[in-house]
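Enquirer: First the structure, which I've put down as structure tokens, then a few questions once you've had a look.
Number of protein chains: 2
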Amino acid sequence: MSTPGRVRGNYAKTPERRREILEASIEVFSTSGFRSGSLRDIAERVGMSQAGLLHHFANKGELLAAVLRLRDDRAEEFVPIRGADGLATITGFVNLVEHNATVPGLVELHCVLSAEATDPSHPAHAYFVDRYHWVVRDLTRAFEDMRDKGQLAPDVDPASAARAITAFSDGIQVQWLLDRTSVDMAEEMRRFLRPLVTVEI
Amino acid sequence: MSTPGRVRGNYAKTPERRREILEASIEVFSTSGFRSGSLRDIAERVGMSQAGLLHHFANKGELLAAVLRLRDDRAEEFVPIRGADGLATITGFVNLVEHNATVPGLVELHCVLSAEATDPSHPAHAYFVDRYHWVVRDLTRAFEDMRDKGQLAPDVDPASAARAITAFSDGIQVQWLLDRTSVDMAEEMRRFLRPLVTVEI
DNA sequence: GTCTATACATCGATAGAC
DNA sequence: GTCTATCGATGTATAGAC
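Protein chains in written order, with this note's numbering: chain A, 1 to 201; chain B, 1 to 201.
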């Protein structure tokens, strides 16, 4: 009954199992990083052997790629990055930060992997270089739209504001991870944005 | 002639050798992190065996502690954190960021280790929790001093400004590490600070 | 002070039975 | 689809010669 004779494309595998593995991978990679996190640890969390896990993902690098893809899907479904309204993008960004406080695992994953991946030989290096490029680009466009609508404070450069909000967001996450009781990420983020805009945020 | 009979305190060892090892450790830990960085790799860089290295530092954790201590010494010798003048502290902080652009190894070390150490079981976890506490505290005092002297823009909360400049600094370093050609850390930092203060920065 | 040798753990990946 | 068994590489740390 397993792997039925029906020749259907290539691998239907079991999507649920893959999903479980990805969730466990997030847990492990977020606390131990990619290089130190082990396949055995991940496999144990879903109750299978390490060899069994490698039936679903050919190797460790492929698993990492799938984790990053899953992470992006979730973030994008939360932030309306596309769409003409710049203000909506920025408030969506703040909402994402607020939401992130409820999923510490994903925050850890981002912080740990992005730092690890600054090494050019890291398998996710290109991914993160690329990701920051389009994040800053999209946010720049959002601030440009706000500027054109008079929603930006004078002397605020859209590109610098985009870099700044991205940097602030990353940094405040590290502080929050190190001491979750005394840091309110979303509140600090709004306080940071307020001097830059002329509208309620 | 080695380890002479003179009983003098405990270990004079060879400070120069220790220094070499610490430099190599910074290189390795900054690119591979603490958990993935290996003693063998460090030892090779100073031209000795891994066992030889462990003559100078009892174990890997002790080596990490020494690296962090060295890092702090260098930063503190650069920023006048102590001293009544808040503005001097803040400009010193900007100068440190400017200086950091010339020592990418130390920037990497900070980014990688601070992210890795968000895990409570990491050997440097307590160190980083502690460090952020007093960094934010000292910067808060600096901004308070500026406020009292009318150097702070109205509606700027010193504590939030302290968190913000710290977060911004950490985040911009990650972006810089991922793409050093298109990010000017010090310039972005000044642009970030300008709306917060009433003086030239 | 530095080395070789080694003990012992753990890693990713593969082979092959069921 | 999942397992056991195993290979070869690599990790930290220790023992003991020089």
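Beta carbons: idealized from backbone N, C-alpha and C, even for Gly.
This structure is a prediction, so every number in the text was calculated from the model and none was measured.
1) Can you pull the DSSP bridge partners for L152/B?
2) With 16 as the cutoff for other CB atoms within 10 Å, does E108/A come out buried or exposed?
3) Sorted by chain position, which residues of the same chain lie with C-beta nearer than 6 Å to V199/B's C-beta, five sequence neighbours on each side aside?
4) Let me know the alpha helix (DSSP H) ranges lying completely inside the stretch 89-140 of chain A, each 4 residues or longer, listed in chain order.
5) Check whether the stretch 159-177 of chain B and the stretch 108-127 of chain B touch, using three or more Cβ-Cβ pairs below 8 Å as the test.
6) What in chain A is Cβ-close to Y132/B, meaning under 9 Å?
7) For E27/B, would you say it is in contact with chain A, using Cβ-to-Cβ distances shorter than 8 Å as the test?
8) Output needed for M122/B: all residues of its chain with C-beta closer than 7 Å, excluding positions within five of it in sequence on either side, in chain order.
9) Just to confirm the assignment, what range does the alpha helix (DSSP H) spanning R69/B have?
10) Should N100/A be labelled buried (16 or more other beta-carbon atoms within 10 Å of its own) or exposed?
11) Does any residue of chain A have a CB that is nearer than 8 Å to the CB of E188/B?
12) DSSP three-state call for P80/B: helix, strand or coil?
13) At 9 Å on the CB atoms, spell out the chain B contacts of S38/A, in chain order.
14) Tell me, to the nearest whole angstrom, how far the beta carbon of A84/B is from that of D145/B; I am working on the premise that it is less than 8 Å.
15) Below 7 Å on C-beta distance, what does T31/A contact in chain B?
16) Would you mind working out which of F29/A, R17/A and L64/A sits nearest V46/A, comparing C-alpha positions?
17) Considering V28/B, what are the terminal residues of the alpha helix (DSSP H) in which it resides?
18) Between the Cα of A88/B and those of L22/B, S49/B, D72/B and R141/B, spot the shortest distance and give me the residue it belongs to.
Expert: A quick look at the data gives this:
1) Translated into positions along the second sequence, residue 152/B becomes position 152. Residue pairing by DSSP places L152/B opposite V197/B in a beta bridge.
2) Working through the first sequence from its first residue, we reach residue 108/A at position 108. It counts as buried.
3) Here residue 199/B refers to the residue found at position 199 when the second sequence is read from its first residue. Closer than 6 Å at Cβ, skipping near neighbours: Q151.
4) 104-116
5) Yes, the stretch 159-177 of chain B touches the stretch 108-127 of chain B.
6) Translated into positions along the second sequence, residue 132/B becomes position 132. Ordered by position in chain A, the residues that pass the 9 Å Cβ test against Y132/B are V174, Q175, L178 and D179.
7) For the purposes of this step, residue 27/B is taken as the residue at position 27 of the second sequence. Chain A, which has no Cβ nearer than 8 Å to the Cβ of E27/B, makes this no.
8) Along the second sequence, read from residue 1 onward, the residue named residue 122/B stands at position 122. With the sequence shown as reference, residue 122/B is identified as His, and Met is not the correct amino acid for it. These residues qualify, in order along the chain: E116.
9) Sequence index remark: in the second sequence, residue 69/B carries index 69 (1-based). Unbroken alpha helix (DSSP H) run through R69/B: K60 to E76.
10) Along the first sequence, read from residue 1 onward, the residue named residue 100/A stands at position 100. Counting other Cβ atoms within 10 Å of its Cβ, N100/A reaches 16 or more and is therefore classed as buried.
11) Here residue 188/B corresponds to residue number 188 of the second sequence, with the count starting at 1. Answer yes: the Cβ-Cβ gap between E188/B and chain A drops below 8 Å somewhere.
12) Taking the second sequence and counting its residues from 1, the one referred to as residue 80/B is at position 80. Note: P80/B maps to coil in three-state DSSP.
13) Residue 38/A sits at position 38 when you count from the first residue of the first sequence. Result: empty, since nearest Cβ-Cβ is about 11 Å, beyond 9 Å.
14) Stepping through the second sequence from its first residue, residue 84/B is reached at position 84. Stepping through the second sequence from its first residue, residue 145/B is reached at position 145. Between D145/B and A84/B the Cβ distance is about 7 Å, and since that is below 8 Å, they are a contact.
15) In the first sequence, counting from the first residue as 1, residue 31/A sits at position 31. Correct list: D119.
16) Position 46 of the first sequence, counted from the start, is the residue given in the question as residue 46/A. Of F29/A, R17/A and L64/A, the residue nearest in Cα terms is R17/A.
17) Residue 28/B sits at position 28 when you count from the first residue of the second sequence. Here the alpha helix (DSSP H) through V28/B covers P15 to S36.
18) Here residue 88/B is taken as the residue at index 88 of the second sequence, counted from 1. The shortest Cα separation from A88/B among L22/B, S49/B, D72/B and R141/B belongs to R141/B.
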